[in-house]
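Protein sequence lines correspond, in order, to chains W and C.
First residue of the first sequence? That's 744 in this note's numbering, and the numbers climb one at a time after it.
First residue of the second sequence? That's 744 in this note's numbering, and the numbers climb one at a time after it.
Here is the structure we will look at.
Protein chains: 2
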Amino acid sequence: MSDRVPPGFGRDAEGRLLIAGRAAEDWVADAGDTPLFLYDSALLSQRVAAFRAAMPQGLGLNYAIKANPFPPLLAHMGTLVDGFDIASGGELALALEAGVAPARISFAGPGKRDRELEAAIRAGVLLNIESAGELARAGAIADRVGQEARVALRVNPPFALKGSGMKMGGTPSPFGVDAADAAAVIRQMQGRPFRFEGLHLYAGSQNLSVEAILESQRQTIALAGALSAEAGVTLAHVNLGGGFGVPYFPGDRELDLPALGRGLAEAIGDRPAALGRTRFVLELGRWLVAGAGVYLCRVIDRKVSGGETFLVTDGGLHHQLAATGNFGTVIRRNYPVANASRAGPGAGPLTVVGCLCTPLDRLADKVDLAGEPGDLIALFHAGAYGRSASPERFLGHPPALERLV
Amino acid sequence: MSDRVPPGFGRDAEGRLLIAGRAAEDWVADAGDTPLFLYDSALLSQRVAAFRAAMPQGLGLNYAIKANPFPPLLAHMGTLVDGFDIASGGELALALEAGVAPARISFAGPGKRDRELEAAIRAGVLLNIESAGELARAGAIADRVGQEARVALRVNPPFALKGSGMKMGGTPSPFGVDAADAAAVIRQMQGRPFRFEGLHLYAGSQNLSVEAILESQRQTIALAGALSAEAGVTLAHVNLGGGFGVPYFPGDRELDLPALGRGLAEAIGDRPAALGRTRFVLELGRWLVAGAGVYLCRVIDRKVSGGETFLVTDGGLHHQLAATGNFGTVIRRNYPVANASRAGPGAGPLTVVGCLCTPLDRLADKVDLAGEPGDLIALFHAGAYGRSASPERFLGHPPALERLV
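Encoded structure:
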């Protein structure tokens, strides 16, 4: 397998990788060191624009901060999307610091602590309620602080998003309330200090099948209609989840966005009458930001062992755990990788490893790259679940640098 | 499967878990919050004492900092072991801050940067050289700073430690120099600013078979003898690696330390004549510290979904990634787990999850525990590869607290 430079990046006449129109080596010189995560703001903007162009008018777009909470990136995303989904009190603080209005923030997570619930209620953030127990705690806190809590109910759907990297429906789950119990929990909100706004359903993530995503969206809309009728409530909004996948691996293809948009427009057009005035929202993290990110590390050593060639870099799983296959992956496959200092194949396949003293630290297996000490190696699709999802302190190396460009 | 409280811990009359003789809840009250890692210094001391009692006299014991770099724990280990193995410039700084003399520190790692080599040479730390390229860089730095570099050669053994959690020999590897090339690299040291001290070999880790460990130690000693003869050098020391496993999973049994000690004494007794004055060293991380650590988190919610009961805690993979099976594990199994607030089984099996909004965050599957909101849950064998090997910033929750008691 030779190198793979995804769309949005190029090479100059000398074969050096260009990121946002500038050589990777120049970005590193500016930042002062490697490893370095670069996020291209123009690619972020283009991604959201492509989404808006393809999706039905009026569809809301939320960014799930967990995918990448780098503050300059959050500030940029805040100018592009309608809302932010947070998963902790720490992410609430990051969203507020990025200048996002609390009215645009929604908070999901199965283990919200009382202090997190209180901070969210005080700020006026929407709580996606995950259980009857959490609802009772939120009610007690709302009583105590004398402030109504904005709530939606997170429902564990009785169907999965088929073929997802992570299934989050159709199975017993710590997330949300089973659909069969949802109406009863909504009724428990009555007469209590809650403003009920709608539903949150999340059936799976990292899916590359248009048909599977559309099927789960159609099922979600039907379920929302049924629950609205069963509980006798109006739904101001329904969060349909996300699930849009990223083509990390050889053979993967980008989602057909226009086909997705047409299908979702049709599903919304056919919605039950009870949802006539409901606003629908998609919640995307990885799909919005992964492709805009590149992780750059430098080759420290080239060596041959047992006939196999290794490039040892100053990067590794402490910055890019997911790319090494050590984060929820059963079979390790390569993310797109290229030599950022020179184009073309090398003298045969080689293996790119990180600097950590563990065999887990493998960035690319048997790729046909050129590579000498001093070269920069680029790992693509590095904009999501990179630095913030990696064990940064493991083995005591410095953190990676990050820049939004 | 019911709860498993390993040796070294107990319960008081009310069924509360005792750690270092005191109720877990009292330790949490002292620390001020959960989640909390507690490391029992008496158990650390006992572990080292058991090692010394079983192993041949004169055998050196190094602690591999990567297993747990918590500074108070390092300071305690410094009083017990002979040397520290480090894997980065960051770990060098930690070791020196813990008061360890540089002469007792050795530095392995396939991607040492020039600035790390320079810091180690200036401090007088032993470098385990990983390649001919690294040797050349170390030599240039030693020339420049006008100081001899203490070096050992790390050799990639042509055999594996059979049945290890991680194999680090018998295969092409980024670690060390293939045995076939070792003598040539040792010869390159001659006439250069190096003081050659010996060899470092590491064939695998997390192994629970006495026979497999002994076989690899015998092979290592034989290989060291052959290399000493081939290169025409005396070996002041040979680091035999480690590989001692910890009984994480149901059915696992503690290593038979006396049997290991007897076998190693025999292997050293039978060593080649060329190694007559060689000092042998074992390098252990996980085995020394895992059992002394407990990770305590608190139950936030108890819920039923699809007939399955979940305890949602304030802990999770952001602190204890390895326990969730998301760090180099193919099949997830439970670490020992118990309710620290009350003894006895519950009303049937339940699943303990963390607070993160991802299905990866699962701490224990289908264990028969009691568990209500407010209870403390204890995960054992948490002293190694816990906080420092976990993606602490993932989802923006606060770091776990740590205490040496």
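For glycine and all other residues, C-beta sits at the position ideal for the given N, C-alpha and C.
Everything numeric in this text was worked out from a predicted model, so none of it was measured.
Contact list for residue i against chain A, beta-carbon separation under 9 angstroms
i, result
"K905 (chain C)", "Absent from the structure: chain A. Protein chains present are W and C."
Listed by chain order, chain W residues near residue i by CB distance under 7 angstroms
i, result
"D921 (chain C)", "S1048, G1049"
"H1140 (chain C)", "S831, G833"
"R856 (chain C)", "I1043, D1057"
"L837 (chain C)", "G1139"
"L1064 (chain C)", "P1134"
Nonlocal neighbours in the same chain, by C-beta distance under 8 angstroms from residue i, ignoring five residues either side
i, result
"R754 (chain W)", "V748, L760, L761, A1086"
"V738 (chain W)", "Nothing in the structure corresponds to residue 738 (chain W), since chain W is present only between 744 and 1148."
"M909 (chain C)", "G947, S948, Q949, G1071"
"R865 (chain C)", "V888, Q890"
Chain C contact residues for residue i, given Cβ-Cβ distances below 9 angstroms
i, result
"R1136 (chain W)", "P812, G833, R1130, S1131, A1132, S1133, E1135"
"P697 (chain W)", "Summary: the structure shown does not reach residue 697 (chain W), with chain W confined to residues 744 through 1148, and so no result is reported for it."
"N899 (chain W)", "S1048, G1049"
Contact set between residue i and chain C, taken where Cβ atoms lie within less than 7 angstroms
i, result
"R1103 (chain W)", "Note that residue 1103 (chain W) corresponds to Leu in the displayed sequence, not to Arg. Chain C residues near L1103 (chain W): G1071."
"T822 (chain W)", "Those within 7 angstroms of T822 (chain W) in chain C number zero; the least Cβ separation is about 21 angstroms."
"P799 (chain W)", "Chain C residues near P799 (chain W): none, gap ~27 angstroms exceeds 7 angstroms."
Partners in chain C for residue i, counting only beta-carbon separations shorter than 8 angstroms
i, result
"D783 (chain W)", "Simply none; closest approach about 22 angstroms."
Given residue i as reference, the closest of the options once Cα atoms are compared
i, options, result
"L1025 (chain W)", "W:E1051, W:G947, W:S1048", "W:G947"
"A965 (chain C)", "C:V981, C:M932, C:A955", "C:V981"
"L1060 (chain C)", "C:C1100, C:L1054, C:A1083, C:V868", "C:C1100"
"G1058 (chain C)", "W:L1054, W:G852, W:W770", "W:G852"
"A923 (chain W)", "C:G1050, C:L870, C:H1124", "C:G1050"
"S907 (chain C)", "C:G984, C:R765, C:G826", "C:G984"
"Q962 (chain W)", "W:E768, W:L998, W:G913", "W:G913"
Cα-Cα separation between residue i and residue j, rounded to whole angstroms
i, j, result
"Y1128 (chain C)", "D1104 (chain C)", "16 angstroms"
"L1122 (chain W)", "D1013 (chain C)", "50 angstroms"
"Q960 (chain W)", "R1136 (chain W)", "40 angstroms"
"A797 (chain W)", "A1002 (chain W)", "8 angstroms"
"G1036 (chain W)", "S952 (chain C)", "44 angstroms"
"F937 (chain W)", "K855 (chain C)", "57 angstroms"
"Q1063 (chain W)", "P799 (chain W)", "35 angstroms"
"P1134 (chain W)", "N1069 (chain W)", "11 angstroms"
"D776 (chain W)", "F813 (chain W)", "18 angstroms"
"T1021 (chain C)", "L978 (chain C)", "6 angstroms"
"L990 (chain W)", "E1009 (chain W)", "The sequence given here places Pro at residue 990 (chain W); Leu does not occur at that position. Each residue's Cα considered, the two are about 26 angstroms apart."
"A955 (chain C)", "D995 (chain C)", "15 angstroms"
"G919 (chain W)", "S784 (chain C)", "41 angstroms"
"E873 (chain C)", "E1115 (chain W)", "17 angstroms"
"A1113 (chain C)", "C1098 (chain C)", "19 angstroms"
"A841 (chain C)", "L816 (chain C)", "9 angstroms"
"R930 (chain W)", "A875 (chain W)", "11 angstroms"
"A1149 (chain W)", "A1083 (chain W)", "Absent from the model: residue 1149 (chain W). The displayed extent of chain W is 744 to 1148, so no value can be given."
"G1117 (chain C)", "S1048 (chain C)", "20 angstroms"
"V1148 (chain C)", "G764 (chain C)", "10 angstroms"
"A772 (chain W)", "Y1078 (chain W)", "25 angstroms"
"V843 (chain C)", "L870 (chain C)", "16 angstroms"
Chain W residues whose Cβ lies nearer than 8 angstroms to that of residue i
i, result
"M909 (chain C)", "T1101, P1102, L1103"
"P1116 (chain C)", "G876"
"T914 (chain C)", "G1049"
Sequence-distant residues of its chain with Cβ nearer than 7 angstroms to residue i (five each side left out)
i, result
"A1017 (chain W)", "G968, S971, A972"
"R795 (chain W)", "none"
"A862 (chain C)", "G832, L835"
"E891 (chain C)", "A885, P936, F937, R938"
"D1044 (chain W)", "V1055, P1116"
"E757 (chain W)", "none"
"A1033 (chain W)", "V989, H1124, G1126, A1127"
Same chain only: Cβ atoms within 6 angstroms of residue i, ignoring 5 sequence neighbours per side
i, result
"G1006 (chain C)", "L957"
"G988 (chain C)", "Q949, N950, L951"
"R1146 (chain C)", "A774, L781"
"R1076 (chain C)", "F992"
"G941 (chain W)", "A895, L978, A979, H980, V981"
"M932 (chain W)", "F939"
"D825 (chain W)", "G803, L804"
Interface residues of chain W facing residue i [CB-CB closer than 9 angstroms]
i, result
"P853 (chain C)", "I1043, D1044, K1046, F1053, V1055, V1096, G1097, C1098, L1099, C1100, D1104"
"K809 (chain C)", "L1099, C1100, T1101, F1137, L1138, G1139"
Proximity test, residue i beta-carbon vs the ligand MG heavy atom, cut-off 8 angstroms
i, result
"W770 (chain W)", "Because no ligand of any kind appears in the structure shown, any question about the ligand MG cannot be addressed here."
Say whether the segment 900-913 of chain W touches the segment 927-947 of chain W, bearing in mind that this needs 3 or more beta-carbon pairs closer than 8 angstroms, one atom from each stretch. Result yes; three or more Cβ-Cβ pairs closer than 8 angstroms.
Is it true that the segment 802-810 of chain C meets the segment 774-790 of chain C, where meeting means three or more beta-carbon pairs spaced less than 8 angstroms apart? Cβ pair count under 8 angstroms is below three, so no.
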